[in-house]
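Just so you know, we're using this note's numbering here: the sequence shown kicks off at 693 and counts up by one. Where a beta carbon is used, it is the ideal one built from N, C-alpha and C, also for glycine. The structure appears below as structure tokens.
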Amino acid sequence: MAAIWTPSDEDVSALAITRFRLKASELAGRDLADYEALYQWSLQDLESFWSLVWDFCGVLAETRGERVLMGADQMPGAAWFPDARLNFAQNLLRRNDNDLALIFRGEDEVEAEITWCELQQLVSQTQQLLRDAGVVAGDRVAAYIPNMPEAVVAMLATASLGAVWTSCAPEFGVEGTVDRFSQTAPKVLFIADGYFYNGKSFDSLEKSAQIIEQLPSVEQVFICTYLQDEPQIPHSLMHAVLYPHAVAQYSAKPVQYTMMPFNSPLYVMYSSGTTGVPKCIVHGAGGVLLQHLKEHVLHIGLKRDERIFYSTTCGWMMWNWLVSALAVEATLVLYDGSPFYPDGNALFDLAADTGVNVLGISAKLIDIAQRQGIKPARDSDLSSVRMVLSTGSALSAESYDYVYTHIKDDVCLGSIAGGTDILSNFALTNPALPVHRGEIQCRGLGMAVEVWSDLGLELEQGKGELVCSKPFPSMPLGFWNDDGNGKYHDTYFSQFEGVWAQGDFVELTANKGLRYFGRSDSTLNPGGVRIGTAEIYRQLAHFEGIEESIVIGQDWENDSRIVLFVKLAEELKLDEALSARIKQHIRAKTTSQHVPAKIVQVSEIPLTTSGKIVERLVRDVVHGVAIGNTDAIANPEALGEFANRVELLSA
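Here it is as structure tokens:
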């Protein structure tokens, strides 16, 4: 199939990844003529590759040491740059001038711009504040906060001290937040007085008070002002301190950086928590830095002074990924609020107004924009945008068409895929490669991504498990309080011993790209035929009348059958004729095995707070399995519709 976008020779020659490939060719002693040759070399000589990334991207460190990789044949157990000492924050605070570091919009209520010089000053003041609060290397600092500049400042100040940062978005409920923070016992907590969403303001202080009551480790609470300059503090939070007043007591001076081992903890991230208490995933400072530099510099082609935006919250890994772009000396555009307020053009207008060069939005947001008939190419000036990024779920082939027809026809569309587990990506974009409809462009450099059968055999063709067969720097250091790494091993290495299994159902394409078909633990298996749920979603994405859907496998008569739940347009009701049309459409576009045995109408589809559908949770409800904490679900009340459905009791 012909490419739908191809870079010009002139653009390719100017890219960082092209310069990197030429340097790699010198190291390899042979011409690495194209990306595939570079990719294969990056796996054949892991130590030379990651050392070159270090040098090419200009990692700042007290020392790198001689050793690059210990235990290369161990997963888990491999250790990268074991003698290196550095500070993560120092690498993100390279600049100290009057150009913009941060641009912030809180819907249509708040605007702020912060220069590099101002960012240095704020980090310095906050570092002194944290030091006086008793924070030292290894302590945890938590934040229950919107995606606002204070979050970036507080994280950098935390990292400058060698302490560990962890955060949740304020949309999280009390129980879900406590489930996360209580495991890591933070010493300091940053909160905000509230947040804006869809034109309304929401108070966070009452919820914060309930959270703090259940976090005995917290010694100091700082309130970031957002809704009001002088918020009304409830009595239960009278011990808290307003952050603006607290930092104002300190004069700015050069930030002091505590040098830490390469593999010291930087972030604690959390699994979704939809199948139990969230796992606390510990990520190391050096591994995150090196991996993010590789992705931003080589795969995104991000340059100094470019502006990058990603629609995210502080509860999603894409926030951490976005903030690392400071290490490239790029400007971050931050947005807090509804991506569709005041209308569906909100994020595209933001990109136009702020001159965004790299525009990041989720596959879900692209799908909604398409359904709403949003046409940014017509309504917004996106002349500055050179790349559109998408992640969060598989991007349908039709969404590729929409981007190039109605967003911009001369951009590199970079669908990327990885996860909180690695705080980075296995599958990535590359502005030096063509874009093919429905395909992620390439496997990430240094990531030994393969497709395996259930029996552990590598597949050159066909669908299977996404695995990574060699170690990489951003593998987690482990899980918090996981003595012996038992949970860590069981999560990623129990399926194939010594090989990372990500839990994604994928296919390697003829172009050496990847197609994603959903989570492998949600894969459908009627009659022994393995089907990815994304294969069905793609066919329904633009089926007239279906607004959202979720598909599961229901245990039935010693086998499994496909059940499709649909949310229809308000005026529609599911009847036999519509069911027949849906089934016929799926059959015509796929195979007879993809056709649902049952189609059931619901009024709402449950989603996580980051907009992902929760197939496993719905499957559990259908099968009568008890559901635990639902704080990670944006609309938990929707789950009730899936219980005891009479339609699912008969053939």
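Which listed residue (S1030, L981, G886, Q906) has its alpha carbon closest to that of S1166 = L981
DSSP beta-bridge partners of E1142 = V1159
Enumerated in chain order, which unbroken segments of the alpha helix (DSSP H) with a length of 4 residues or greater are wholly contained in the segment 1032 to 1074?
-> 1038 to 1046, 1055 to 1063, 1068 to 1071
May I ask you to verify whether the segment 917 to 925 touches the segment 880 to 889, counting CB pairs closer than 8 Å and requiring at least 3?
-> yes
Out of R1273, P1218, F1235, Y1229, which has the shortest C-alpha to C-alpha gap to D1251?
-> P1218
Using the beta-carbon count (16 or more within 10 Å), is R1311 buried or exposed?
-> buried
For L1232 versus I1223, is the C-beta spacing smaller than 8 Å?
-> no
Just how far apart, CA to CA, sit C1088 and R1230?
-> Reading the sequence as shown, one finds Ser at residue 1088 and not Cys. Cα to Cα, S1088 sits roughly 6 Å from R1230.
Length of the line joining the Cα atoms of G1156 and A861 = 34 Å
Check whether the Cβ atoms of M840 and G798 lie closer than 8 Å to each other.
-> Yes, they are a contact pair.
Can you check whether the CB of F1235 is closer than 8 Å to the CB of H1277?
-> yes
Own chain residues within Cβ distance below 6 Å of S1107, not counting five before or after = S1082, L1087, I1132
How is the beta strand (DSSP E) around G798 delimited, first residue to last?
-> 792 to 798
Short check: CB of R996 to CB of A1019, under 8 Å?
-> no
Locate the alpha helix (DSSP H) running through I1242, then write down its first and last residues.
-> Segment 1238 to 1248 is the beta strand (DSSP E) holding I1242; no alpha helix (DSSP H) there.
Per the contact definition of three or more C-beta pairs closer than 8 Å, is the segment 807 to 826 in contact with the segment 762 to 778?
-> no
Could you tell me whether the segment 1073 to 1082 touches the segment 1100 to 1115, where touching means 3 or more Cβ pairs closer than 8 Å?
-> yes
Straight-line gap, I903 to E867 (C-alpha atoms, nearest Å) | 8 Å
How long is the line joining the alpha carbons of L958 and R1070, rounded to whole angstroms?
-> 43 Å
Contacts around K1204, its chain only, beta-carbon distance under 6 Å, and the 5 residues preceding and following it disregarded = Only E728 meet the Cβ criterion.
Below 8 Å between beta carbons: does that hold for Q906 and V856?
-> no
Collapsed DSSP secondary structure at G1332 in the structure displayed = helix
Identified DSSP bridge partners for V960 = V974
Which ranges would you report for the alpha helix (DSSP H) in the segment 754 to 828 if only whole runs of at least 4 residues count?
-> 780 to 784, 808 to 824
Cβ pair L1260, G1245 closer than 8 Å | No; because the gap between Cβ atoms is not below 8 Å, this pair is not in contact.
Among E1189, I1053, L822, nearest to G769 - alpha-carbon criterion | E1189
What does a CB cutoff of less than 7 Å around Q812 pick up in its chain, not counting 5 residues either side in sequence?
-> L785, N788, V947
I1325 - DSSP class collapsed to helix/strand/coil | strand
D1182: first and last residue of the uninterrupted alpha helix (DSSP H) it sits in = In the DSSP annotation of this structure, the continuous segment of the alpha helix (DSSP H) that includes D1182 starts and ends at 1178 to 1184.
Three-state secondary structure assigned by DSSP to A1193 | strand
Check I1108 in the structure and name its three-state DSSP category.
-> coil
From S1342 to V1292, what does the alpha carbon distance come to, in whole angstroms?
-> 13 Å
Proximity winner among S1212, T1121, P1328, E898, relative to T698 (alpha-carbon distances) = T1121
Go to R1253, then tell me how far its beta strand (DSSP E) extends in each direction, as first and last residue.
-> 1251 to 1260
Nearest CA to the CA of G1065: which residue from D1035, V1048, V1077?
-> For G1065, the nearest C-alpha among the options comes from D1035.
Q875 - containing beta strand (DSSP E), residue span = Here Q875 belongs to no beta strand (DSSP E); instead the alpha helix (DSSP H) covers 866 to 876.
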